[in-house]
Structures are given as structure tokens and as C-alpha cells.
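Take a look at the structure below.
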Amino acid sequence: MPTDQVCLGRKRPVPSCPNPLFLQWLTELRDSAKEKGLKTQYVYQKAINSLKKYPLPLKNGKEAKILQNFGDGICKILDERLQKHYRENGEGPQFSADGDFLSNKQTQKEVRKEKGTKKKREYVPQKKSGGYAVLLTLYRHTQMPGSKGFMFRNELQTEAQPLCEKSFTVPDLGSKYTAWSSVSTLIQKDLLVKTHNPARYSLTDQGLALAEKLDSEESGMAKEHVEQMSEEEDSQDGPDVVDLTSEEEDEEEQEDKESCKSSERLATALSVNQARAHISESDATGKSQTLESGRTATSWHLPPGSYDIVLCVDVIETTGGSSGRKQELVKELQRNCVTFDIRKLNVGDFLWVAREKVTPVPGQLRPPVGKELVLDYIIERKRMDDLCGSIIDGRFREQKFRLKRCGLRKPIYLVEECGSAAAHLSLPESTLQQAIVNTQVVDGFFVKRVQDVKESAAYLTIMTRYLQKLYHNCTLFCRSRELEGDGGDESEQTANLSCSLMAFTEFNYGAIKNKCQTVREVFARQLMQISGVSGDKAAAVLEHYSTVSSLLQAYDQCSSESEKEKLLSSIKYGKLKRNLGPALSRTIYQLYCTRGPLS
Numbered sequence: 001m002p003t004d005q006v007c008l009g010r011k012r013p014v015p016s017c018p019n020p021l022f023l024q025w026l027t028e029l030r031d032s033a034k035e036k037g038l039k040t041q042y043v044y045q046k047a048i049n050s051l052k053k054y055p056l057p058l059k060n061g062k063e064a065k066i067l068q069n070f071g072d073g074i075c076k077i078l079d080e081r082l083q084k085h086y087r088e089n090g091e092g093p094q095f096s097a098d099g100d101f102l103s104n105k106q107t108q109k110e111v112r113k114e115k116g117t118k119k120k121r122e123y124v125p126q127k128k129s130g131g132y133a134v135l136l137t138l139y140r141h142t143q144m145p146g147s148k149g150f151m152f153r154n155e156l157q158t159e160a161q162p163l164c165e166k167s168f169t170v171p172d173l174g175s176k177y178t179a180w181s182s183v184s185t186l187i188q189k190d191l192l193v194k195t196h197n198p199a200r201y202s203l204t205d206q207g208l209a210l211a212e213k214l215d216s217e218e219s220g221m222a223k224e225h226v227e228q229m230s231e232e233e234d235s236q237d238g239p240d241v242v243d244l245t246s247e248e249e250d251e252e253e254q255e256d257k258e259s260c261k262s263s264e265r266l267a268t269a270l271s272v273n274q275a276r277a278h279i280s281e282s283d284a285t286g287k288s289q290t291l292e293s294g295r296t297a298t299s300w301h302l303p304p305g306s307y308d309i310v311l312c313v314d315v316i317e318t319t320g321g322s323s324g325r326k327q328e329l330v331k332e333l334q335r336n337c338v339t340f341d342i343r344k345l346n347v348g349d350f351l352w353v354a355r356e357k358v359t360p361v362p363g364q365l366r367p368p369v370g371k372e373l374v375l376d377y378i379i380e381r382k383r384m385d386d387l388c389g390s391i392i393d394g395r396f397r398e399q400k401f402r403l404k405r406c407g408l409r410k411p412i413y414l415v416e417e418c419g420s421a422a423a424h425l426s427l428p429e430s431t432l433q434q435a436i437v438n439t440q441v442v443d444g445f446f447v448k449r450v451q452d453v454k455e456s457a458a459y460l461t462i463m464t465r466y467l468q469k470l471y472h473n474c475t476l477f478c479r480s481r482e483l484e485g486d487g488g489d490e491s492e493q494t495a496n497l498s499c500s501l502m503a504f505t506e507f508n509y510g511a512i513k514n515k516c517q518t519v520r521e522v523f524a525r526q527l528m529q530i531s532g533v534s535g536d537k538a539a540a541v542l543e544h545y546s547t548v549s550s551l552l553q554a555y556d557q558c559s560s561e562s563e564k565e566k567l568l569s570s571i572k573y574g575k576l577k578r579n580l581g582p583a584l585s586r587t588i589y590q591l592y593c594t595r596g597p598l599s
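Numbers 1 to 599, taken from full-length UniProt numbering, label the letters of the sequence shown in order.
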């Protein structure tokens, strides 16, 4: 076999890559993709290998397309970086996006244009838009005394709606976006911050400065409108000369329109000035009012004839599960000509609201959103199989506790019988019947038994018409949730033709299941997990010891073990004021003071 010649001498140095910039940029792209865990790192690695093998210099990224593993995307990235490199260093020729040479004059013009486009304009939302209304509302809220510096979604939508032309909840025809969609833009522009769950919205420093600027501009425009109106009134004090012409009717119509517009502007200007005067007066006198989240103003009312009684149906009662049975309820209500609204209810399945009657505004697609007050009747609907499941998983006691705490005085349990299916449930029928009786006798709920969905719809229909008649001549006042115990007896209120009710937004927010809880509320939920501790017993313990820490301090002050076990036994609970008992007191003591597993 012929042998290969052996070349002796020094080994030639391997030539470096003739395209070092491209190699450097591709390496940076590969490393960046590798840090992010993207699969494009392998694409860039293949392109690097191809570039290293190519012995000739490349003028631009477009020429690199002849190499293997170089696509349009990589070539475009290389061209962009090459142009940026030339602009910064001022070396070498310029290349267009297509890879063609540009003359010096062209490059100078384009560089000037690009320098001109680098200046970013400050984002300012359009007047009467969603972002404009949200910024102004949050700014005015922060300027009020006692403000917490943030607002919740429902509260923010309600207060910002008068400042916006579009609806925050209902999209325009042919569109899926509402005025609330602009909130995401405010967050992206670092003008708004969204935190916590439920969401809290607050202004950043940049957003606060922009909102202050918008507010000052609006107040300046309002003052100008007031001055113009006063000047017009002064000029119109003298006798008017009327010139009768053939176009008299057209001129009168035009004058009417102008006077309507000016009166509307004057009204808005006066309302702004009055609000600012009210704020300044409250600051001067020191009579500040604390505006808590989820609370609405308590100074408005609905006179008789200015509202409609509307049944609200929880959205869960119309969707999911056995949809055929749930749609049957909706069809029955429609057949009975009941005015109802399907919405998300955080507690209960059915309730009634007094909705303010609003008239459409000329030039607007939809009428303004009316105010709503919740009547004192709320219904929790249970089929026997659902009742059985809720008793097993613990929802039954929790739902009753939340219904008691929701602020409405007339909770109703609507129980649907299953017929022969009740014999095949996980719990015996006697246990279910005992639970229903306890709900009525012990918890004080009104229990209504029906046979099927049709009877449920019939009961809801009768209740709706009864409430329409009951509140027909009543003046409804808005009250805060904090004053829910000051409403008095409902029969006395309706007899006096007045009634104090909660706003729907405040009620629904207060009934959120997984909202931020206080230490006292968490302690109550802990106690209710103990077998034999009802809501009344937990509330009685909380009256004496509002936190776990205060209870443990009381145990430490006891001199003996038996005294610690009987510490809670004499606490009174419920309407009958019975003692908590030594057995339950011992169980609670062992739970919180035993080190190790309970025996």
C-alpha cells in the first residue's frame, strides 16, 4: 500500500473568522436564548458553525443568506445590528434594509430622520376615554382625607363611569373591548399598579404627576366655561333686537342647541367647583371622612317611582352542571314575565335589587348606569343531593355563616325535593330533614320546600311581585355596611314609607369568599373547624378573645390545668344564652395548648 507523505515543519496558524462582528452578535444571541431556555439557541449554534467555515468577508446580513442555517430572520437581525454599529461608530458604508449601498447624502438624511424619531412622546390618554377617567378618579380619591391610596375594581368602575363616554362593563356593538380595557395600557406605561387579590389599583409617581396635570387642565376649562357664561349673561342684560328673516326657524333650533350645550357645561363646571369647595372646607374644619374600600356614598336615595324591582340570578344557576335543568328555570321565569338579571353573586343564588330608572342621553349609544340597592331578601337554593354533598364537605355550615354575615336580614333556604332519588343519597333522609329543621329553628332562616324547578320558578315569581308591591311607595335610602344594625325593623320602615338598604356593589364586595381576611376572621374560621363549634359559639368566644394571642395570654394567667380547661365553659352564646360547656372548652384548650398530637 502506498504510504501518505508526512509534512514536516511548523503548523500553519488557523485563520481567524473574517466576519468577527457577525460571529460576536450570533454568540450573544445564542447565549441569551440559552439563559432563557429557548430552543432557538440550537439554531444560532448551527449558524455560528456555518459562519466559521466561510472564508470570505460578508458586507451585510443579506449576503449571509447563501450560508447554511441562515434564514430571513437571522439575516434581518444582523442587518439591524450592523446599521446600529455604523451609526454609533461612524465607520464603513451604510446598508439599507435590502442590503444595498446608500450614498453619503442619503445616509445623513436617514440618520437625521432616525434621530428625530427617537424622541418618544409622553403618553396622555384621550379626554373622556377609559384611561382618562381612571387616572382622574384615582387622583381625586387620593386627595380626599382618610384615603387609603387604592381602589377596588367595582368601586373604581362606578366612580369613573361619569367621566367616561364608553361603558366600563358593556362593550360597544361589534367590539369586545370596554373602557376598562385601557387599564392594561396604563399598567404597561407604568402609570398604574395592580396588587393583591382582589385587585387593588393605585397610581405610580409618574401616573400621579400625569393625573395631577389632567385634573388641573379640567379645572381650568371648567373655570373658563363659568367665566364665559357670566360674560354672556352680562351682555344679554340689555334689550335684544330680533331680526325676522326667512331662516328664523333654523336659527331658533341652533340657538336652542347651543343653550343646551352651554347649560350642560355650566352644570359640570359648577359640580366640579362644588366638589373642590367641599374638599377644601373639610380640610379646613378638620371634619374628614374616612373612605374605605368597597364603600359607596350614603347620601343618596331613590324616591318612589324612580326605581324598578329586579330579580338577580347567580350565573352559576344558569350554566354548568345539568344545563338543561338550569335553562328550564330561566325559561320558566321568562314565561312568567319576570324581570331578572343574570350576574355573579358572591353569596346566595337569588336576590332582589331596586334599580334606578335612567333615561337615555341624546348622542350616546347606551343609557347611563343606574344605581342599585339590595333588598333585604336573599335565597340559597338547594336540591336534596346538593344539600347532602354540602353537609359532607362542610359547605353547608360555611354557607349559612356567610349568609348571616352578608348584611341582609331575610335569608331564605329554598329546598327542592328529589322525589325517590333521596333514598339513594350518601346520608340517610332523616339526617337531611334534621339539617333542614336546624336551619329553620336554630339558625333562624325561613325554609321553603318545593318539588321541582317549576315550583322554584313559581316561588321566585310570587316573591318578585310581592316585593314590587311591598316597596311600591317606599323611599329607599343608601346605608353603609358598617351601619347594617341600625336599619331597624323592616315592617316599621315600610309602614313609614322609608327603608335603608345597601348598595349592590358594596354588598357584593363584602361577600367575597376569598378576600383578604383579618386575624379575627381567620380565628373564627379556625374555631368553626372544631366539631360542635357553630357560628354563634365562635362569635361568643371572639367577644371575649378576639385573637389567638389574647386567648393564649388568658391561658398563661391561669394557675392550674383544670382552670385552663374550664376557661371558656361559662361563656354565653346564642339567643338562649347557654354556656359553652366544659367539654368544648377542654377541646379548644387541647387544640391550642397541647404540644404534639392530640389524644
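Quick reminder that beta carbons are idealized off the backbone N, C-alpha and C, glycines included. Here the structure is a predicted model, which is why all the values come from computation and not from measurement.
Buried or exposed by the 16-neighbour rule on C-beta atoms within 10 Å, applied to residue i
i, result
"residue 394", "exposed"
"residue 300", "exposed"
"residue 133", "buried"
"residue 424", "exposed"
"residue 584", "buried"
"residue 240", "Legend: pLDDT at residue 240 = 43, less than 50; position of this residue unreliable, value from coordinates given subsequently. The residue is exposed, with fewer than 16 neighbouring Cβ atoms inside 10 Å."
"residue 345", "buried"
"residue 574", "exposed"
"residue 466", "exposed"
"residue 598", "exposed"
"residue 473", "exposed"
"residue 209", "exposed"
"residue 154", "buried"
"residue 580", "buried"
"residue 148", "exposed"
"residue 464", "buried"
"residue 145", "exposed"
"residue 42", "exposed"
Beta-carbon separation (whole angstroms), residue i vs residue j, contact threshold 8 Å
i, j, result
"residue 538", "residue 329", "So it is not a contact: roughly 35 Å between Cβ atoms."
"residue 86", "residue 151", "Wrong, their Cβ atoms sit about 50 Å apart, outside the cutoff."
"residue 414", "residue 380", "7 Å"
"residue 204", "residue 214", "The pair is not a contact, with the Cβ atoms about 15 Å apart (cut-off 8 Å)."
"residue 56", "residue 20", "Contact doesn't hold; Cβ gap of about 13 Å is too wide."
First through last residue of the alpha helix (DSSP H) which encompasses residue i
i, result
"residue 388", "384-393"
"residue 520", "519-528"
"residue 586", "582-593"
"residue 25", "20-35"
"residue 84", "72-89"
"residue 556", "548-557"
"residue 535", "535-544"
"residue 456", "453-470"
Beta strand (DSSP E) segment containing residue i, residue limits
i, result
"residue 410", "410-416"
"residue 502", "498-503"
"residue 202", "200-203"
"residue 356", "350-356"
"residue 194", "192-195"
"residue 449", "446-450"
"residue 343", "340-343"
"residue 475", "475-479"
"residue 309", "307-314"
Proximity below 8 Å, CB of residue i to CB of residue j
i, j, result
"residue 159", "residue 185", "no"
"residue 416", "residue 443", "no"
"residue 589", "residue 564", "yes"
"residue 385", "residue 337", "no"
"residue 511", "residue 478", "no"
"residue 347", "residue 406", "yes"
"residue 139", "residue 189", "no"
"residue 542", "residue 533", "no"
"residue 62", "residue 79", "yes"
"residue 130", "residue 164", "yes"
"residue 211", "residue 135", "yes"
"residue 460", "residue 311", "yes"
"residue 401", "residue 535", "yes"
"residue 377", "residue 408", "yes"
"residue 454", "residue 317", "no"
"residue 308", "residue 339", "yes"
Contact with chain D by residue i, beta-carbon distance below 8 Å
i, result
"residue 575", "In the structure shown, chain D does not exist; there is a single protein chain."
Stretch pair the segment 366-384 + the segment 521-537: three plus CB contacts closer than 8 Å
No, the segment 366-384 is not in contact with the segment 521-537.
Touching or not, the segment 349-359 and the segment 369-378, by the rule of three or more beta carbon pairs under 8 Å?
Contact check between the segment 349-359 and the segment 369-378: three or more CB pairs, one atom from each, fall below 8 Å, which counts as touching.
State whether the segment 46-59 contacts the segment 21-29, with contact taken as three or more CB pairs (one from each stretch) at a distance under 8 Å.
Yes: at least three Cβ pairs fall under 8 Å.
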